[in-house]
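Asker: Please read through the structure below; I'll follow up with questions.
Number of protein chains: 2
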Amino acid sequence: MADRRRITLKDIARDLGISVSTVSRALNSYSGISEDTIRTVKAYAEEHNYVPNTMAVNFRKNKTLTLGLIVPELVHYFFSSVISGALAEAKKRGYTVLVSQTSESLSNEIYAIRTMLGSSVDGVMISLSNETTTSEYLEELIEEGRPIVQFDKVLEGFKTPKVIVDDFDGAYAAVEHLIQQGYKKIAHLNGFKQVTNARHRLEGYQKALKDYHLEQPEEYVIHCKDISEEEGYRYTKELMESANPPDAIFCITDLIAMGSMKYLKENGHRIPEEVGLIGFSNWDMANFVTPSLSSVDQHGFQIGEKACQVLVDLLKSQEPLEDKTYLIKTSLVVRESSTRQSNV
Amino acid sequence: MADRRRITLKDIARDLGISVSTVSRALNSYSGISEDTIRTVKAYAEEHNYVPNTMAVNFRKNKTLTLGLIVPELVHYFFSSVISGALAEAKKRGYTVLVSQTSESLSNEIYAIRTMLGSSVDGVMISLSNETTTSEYLEELIEEGRPIVQFDKVLEGFKTPKVIVDDFDGAYAAVEHLIQQGYKKIAHLNGFKQVTNARHRLEGYQKALKDYHLEQPEEYVIHCKDISEEEGYRYTKELMESANPPDAIFCITDLIAMGSMKYLKENGHRIPEEVGLIGFSNWDMANFVTPSLSSVDQHGFQIGEKACQVLVDLLKSQEPLEDKTYLIKTSLVVRESSTRQSNV
DNA sequence: TTGAAAGCGGTACCAC
DNA sequence: GTGGTACCGCTTTCAA
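Sequence lines, in order, name chains A and B.
Under our numbering, the first residue of the first sequence is numbered 1, with each subsequent residue one higher.
Under our numbering, the first residue of the second sequence is numbered 345, with each subsequent residue one higher.
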């Protein structure tokens with residue numbers, strides 16, 4: 001490896017016959033330096049291809065202009081959108097981003113946080129793993145003076161800024177849409193009761209039904225254990241084979257909806273005529289399946305952008321962490337699976 | 345922000361009444377230090393929660409244990425798999441990863457490289473943007489002694505290790521499979537002629553046909569301009585409306601295949617009975633569409649892993665960059681779209 | 001086996 | 001407006 005030694009401030013100072021401090025000030029265009037000196041120094045630096053040694057600067061300033069970003073899953077439409085948004089915003093603000101994934105495991109999460117600390121990121125954006133129920137490991141970061149912003153999957157009791165999807169509103173809109181399409185027996189495949197997002201979506205579902213005086217029997221809400229296609233299939237089967245099958249299903253994620261759709265198609269239930277179907281997350285595949293799947297878009301890109309923005313603002317302002325929640329609105333994407341040609 | 349000052353080597357030395365260098369050596373378990381000292385120092389460090397200041401270490405050692413990873417697109421099944429693999433391998437080797445995306449733009453790519461240099465990554469893994477035709481910006485990195493490993497979309501003439509998909513082999517397998525399923529008139533929706541991956545897939549297609557004595561007319565190969573669903577649709581229409589329509593189509597990516605499938609379904613061409621269809625990339629959605637799409641899996645995770653492994657080995661060995669190519673084998677995933685029930 | 005001390009490349013404070 | 005210099009925290013050479 002070449003490793004052609006870079007030119008340093010000292011070199012420039014020597015060659016120009018001035019002091020190191022003057023060179024430093026000139027390059028940073030400090031006030032109290034003559035235009036002349038600035039020009040000379042900058043020209044010389046340019047010509048000799050001077051690049052400041054970031055490690056030295058970081059070390060001296062105790063700042064790295066690097067942010068940490070921790071997600072549960074990387075190969076995932078929503079989270080890759082979040083990362084994309086965070087990267088875009090970070091770039092705008094002059095930061096770089098260290099990415100880590102926890103695969104929904106607490107031990108990986110702890111490791112990631114330690115690594116971030118070790119790499120001296122200035123602050124961290126994190127979406128917690130499903131296993132995380134305490135904030136003690138995260139406190140370490142804060143103790144080190146590295147602010148945290150939580151997004152998507154957050155710990156309510158942990159006092160940091162939070163950027164989350166407006167799950168309640170999204171679920172409400174989805175169910176309201178089904179109602180407006182004339183569906184009257186609307187079931188809901190929900191997730192883990194403990195997970196905040198799941199709870200909010202359930203509440204949105206219930207509120208919409210209540211507002212339209214269409215309360216449903218208890219059996220119409222099923223809590224999935226792991227969010228998988230298989231579960232969507234299995235619970236849809238359960239619902240459809242029950243004495244009182246629904247005429248529409250609101251699924252907590254598109255993956256569940258895929259399983260649901262599979263069952264319905266295999267068993268000759270026509271979508272959307274006989275059964276309406278709607279998902280949540282608006283994966284790329286929602287467009288490509290047949291019938292195309294209506295879904296609630298969570299605007300992952302915006303969430304990443306916002307989380308990064310809040311974090312950088314925090315870094316600049318030096319204010320203490322505020323326990324503030326930023327809700328990002330969803331939007332309903334209506335496709336074939338919930339659109340009845342007739343009765344509306 | 346709290347910023348509770350961390351304890352330093354100097355603190356430990358003072359409190360223990362020994363010298364800083366001894367503390368440093370003890371903590372790093374250097375030889376030539378008494379077991380006793382090591383134990384005492386480590387215990388004290390542990391107790392007082394000593395964490396070395398990474399920025400100082402980086403500065404001193406001129407190493408960051410951070411790698412750069414540059415991809416054209418982030419919200420993309422293949423690339424997020426690559427990132428996932430690279431992160432996993434990096435973690436194993438004790439490195440962290442700075443991620444950047446170029447959105448297929450050369451100027452973004454240049455910016456990303458500069459940023460990586462600025463952040464003093466030890467080395468970089470990169471998949472080039474479509475706009476990149478010269479390596480001059482990349483040379484900068486190498487001049488700084490930061491090795492590069494290219495993956496997926498590479499510049500042949502740029503002498504660095506390369507980790508790429510065995511496109512030729514994957515295409516060959518796909519076409520061979522179609523032939524074995526009894527298809528005889530196999531068309532190919534290819535990509536940009538200039539792009540290496542596209543060329544290799546075309547060659548694989550041609551070789552398979554040749555080996556089975558099934559050479560096809562020139563009109564059976566169409567070069568898409570931008571890889572989009574619309575193009576898949578448009579060119580499939582062109583093919584099917586021609587005087588001599590094919591009975592199978594090998595698409596350069598799953599996205600093209602989606603457009604193709606859309607056209608075929610809309611126009612009553614039954615898949616796979618009348619027309620066989622096969623894609624390349626094996627997106628998550630290939631499973632969920634109807635009929636499910638046969639596709640060539642590119643093993644993105646493995647590519648990321650391998651790229652990272654090669655890079656770290658390079659970093660450790662300090663050897664000069666070798667112009668070596670690592671081919672990652674694909675695997676054919678056969679699903680409904682290419683499986684004729686009858687004649688095989 | 002240990003200590004003293006010289007930096008790594010900047011920044012910023014204090015003089016002049 | 002400029003120069004001198006201490007120092008950030010750690011590693012490493014040299015000497016004892």
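Just so you know, even glycine gets a beta-carbon here, dropped at the ideal spot from N, CA and C.
Beta-carbon separation of B/Val-498 and B/Ile-508 under 8 Å?
Answerer: Against a cut-off of 8 Å, the Cβ pair of B/Ile-508 and B/Val-498 comes out as a contact.
Asker: Can at least three beta-carbon pairs, one atom from the stretch 611-631 of chain B and one from the stretch 462-477 of chain B, be found at a separation below 8 Å?
Answerer: Too few Cβ pairs lie closer than 8 Å, so no.
Asker: Along chain A, which residues have their Cβ under 9 Å away from the Cβ of B/Leu-442?
Answerer: Ordered by position in chain A, the residues that pass the 9 Å Cβ test against B/Leu-442 are Thr-66, Thr-96, Val-97, Leu-98 and Val-99.
Asker: Would you say B/Gly-620 and B/Ser-661 are within 8 Å of each other, going by their C-beta atoms?
Answerer: For B/Gly-620 and B/Ser-661, no; Cβs fall outside 8 Å.
Asker: With a CB to CB cut of under 8 Å and the five nearest residues on each side skipped, what residues in its chain are close to A/Val-334?
Answerer: These residues qualify, in order along the chain: His-177 and Ser-294.
Asker: What does a CB cutoff of less than 7 Å around A/Leu-332 pick up in its chain, not counting 5 residues either side in sequence?
Answerer: So the list reads Ala-173, Ala-174, His-177 and Val-296, once near-sequence residues are dropped.
Asker: Please check the pair B/Gln-538 and A/Leu-87, which I expect to be a contact at CB under 8 Å, by giving their CB distance rounded to whole angstroms.
Answerer: B/Gln-538 to A/Leu-87, Cβ: 28 Å. No contact.
Asker: Between B/Ile-566, B/Ile-530 and B/Pro-561, which has its C-alpha nearest B/Ala-542's C-alpha?
Answerer: Of B/Ile-566, B/Ile-530 and B/Pro-561, the residue nearest in Cα terms is B/Ile-566.
Asker: Would a check of beta-carbon distances place A/Met-285 closer than 8 Å to chain B?
Answerer: Chain B, which has a Cβ nearer than 8 Å to the Cβ of A/Met-285, makes this yes.
Asker: Check whether chain A comes within 8 Å of B/Thr-324, counting only Cβ atoms and requiring the distance to be less than that.
Answerer: There is no way to answer for residue 324 of chain B, as the model of chain B reaches only from 345 to 688.
Asker: With a threshold of 8 Å, are at least 3 pairs of Cβ atoms found where one atom belongs to the stretch 56-63 of chain A and the other to the stretch 401-414 of chain B?
Answerer: Yes, the stretch 56-63 of chain A is in contact with the stretch 401-414 of chain B.
Asker: Quick one, which of A/Trp-283, A/Ile-249 and A/Phe-280 has its alpha-carbon nearest A/Glu-273's?
Answerer: The residue with the shortest Cα to Cα distance from A/Glu-273 is A/Ile-249.
Asker: Roughly how many angstroms lie between the CA atoms of A/Ile-186 and A/Pro-72, to the nearest whole one?
Answerer: C-alpha separation (whole angstroms): 31 Å.
Asker: Nearest-angstrom Cα distance between B/Val-688 and A/Tyr-77?
Answerer: Only weak support is given to the placement of B/Val-688: the predicted model assigns it a pLDDT of 41, under 50, and the question is left unresolved by the model.
Asker: Helix, strand or coil for B/Leu-472? Go by DSSP, reduced to three states.
Answerer: B/Leu-472 falls in the coil class under three-state DSSP.
Asker: Note down, in chain order, each residue of its chain lying with its Cβ closer than 8 Å to the Cβ of B/Thr-477, except the 5 sequence neighbours on either side.
Answerer: Taken in chain order, the residues that qualify are Leu-499.
Asker: Using a C-beta to C-beta distance shorter than 7 Å, which residues of chain B count as neighbours of A/Asn-58?
Answerer: Within chain B, the residues near A/Asn-58 are Met-399.
Asker: Can you tell me whether DSSP reads A/Glu-336 as helix, strand or coil?
Answerer: Three-state DSSP puts A/Glu-336 in a helix.
Asker: Which whole runs of the beta strand (DSSP E) in the stretch 140-197 of chain A are 3 residues long or more, in chain order?
Answerer: Here the runs fully enclosed are 148-151, 162-165 and 186-190.
Asker: Please list, in chain order, all residues of the same chain as A/Leu-69 whose beta carbon is under 6 Å from its beta carbon, the five residues on each side excluded.
Answerer: Excluding residues within five positions, the ones whose Cβ falls inside 6 Å are Ala-86, Val-97, Val-99 and Met-125.
Asker: Can you name the residues of chain A whose CB is closer than 9 Å to the CB of B/Gly-462?
Answerer: Within chain A, the residues near B/Gly-462 are Val-51, Pro-52, Thr-54, Leu-65 and Thr-96.
Asker: Could you give the DSSP three-state label for A/Ile-110: helix, strand or coil?
Answerer: Here A/Ile-110 sits in helix by DSSP.
Asker: Going by DSSP, what residues sit across from B/Ser-368 in a beta bridge?
Answerer: B/Ser-368 pairs with nothing; no bridge assigned.
Asker: Going along chain B in order, which residues have a C-beta closer than 9 Å to the C-beta of A/Val-289?
Answerer: Chain B residues near A/Val-289: Met-629, Phe-632, Val-633 and Thr-634.
Asker: May I have the straight-line CA-CA distance separating A/Gly-268 from A/Tyr-233, to the nearest angstrom?
Answerer: Taking the straight line joining both Cα atoms gives about 14 Å.
Asker: Which residues, in order along the stretch 419-433 of chain B, keep a beta-carbon less than 8 Å from a beta-carbon of chain A?
Answerer: Residues passing the 8 Å Cβ filter: Val-419, His-420, Tyr-421, Ser-424, Ser-425, Ile-427, Ser-428 and Leu-431.
Asker: Which residues in chain A have a C-beta closer than 8 Å to the C-beta of B/Asn-406? List them in chain order.
Answerer: Those are Met-55, listed as they occur along chain A.
Asker: For a contact meaning CB atoms closer than 7 Å, what does B/Met-602 contact in chain A?
Answerer: What B/Met-602 touches in chain A: Phe-288.
Asker: How long is the line joining the alpha carbons of A/Gln-181 and A/Leu-209, rounded to whole angstroms?
Answerer: Their Cα atoms are separated by approximately 14 Å.
Asker: For A/Ala-45, which residues in the same chain have their Cβ closer than 7 Å to its Cβ, ignoring the five residues on either side in sequence?
Answerer: If we look at A/Ala-45 and ignore the five residues flanking it on each side, its Cβ neighbours are Ile-12 and Leu-27.
Asker: Roughly how many angstroms lie between the CA atoms of A/Thr-66 and B/Ser-378, to the nearest whole one?
Answerer: Whole-angstrom Cα-Cα distance: 39 Å.
Asker: Please report the distance separating the alpha-carbon of A/Gly-17 from that of B/Val-395.
Answerer: Approximately 41 Å between the Cα atoms of the pair.
Asker: Looking at chain B, is there any beta carbon in it that lies within less than 8 Å of the beta carbon of A/Asn-28?
Answerer: So, not an interface residue.
Asker: Can the beta-carbon of B/Tyr-439 be found less than 8 Å from the beta-carbon of B/Ile-457?
Answerer: The answer is no: Cβ separation not under 8 Å.
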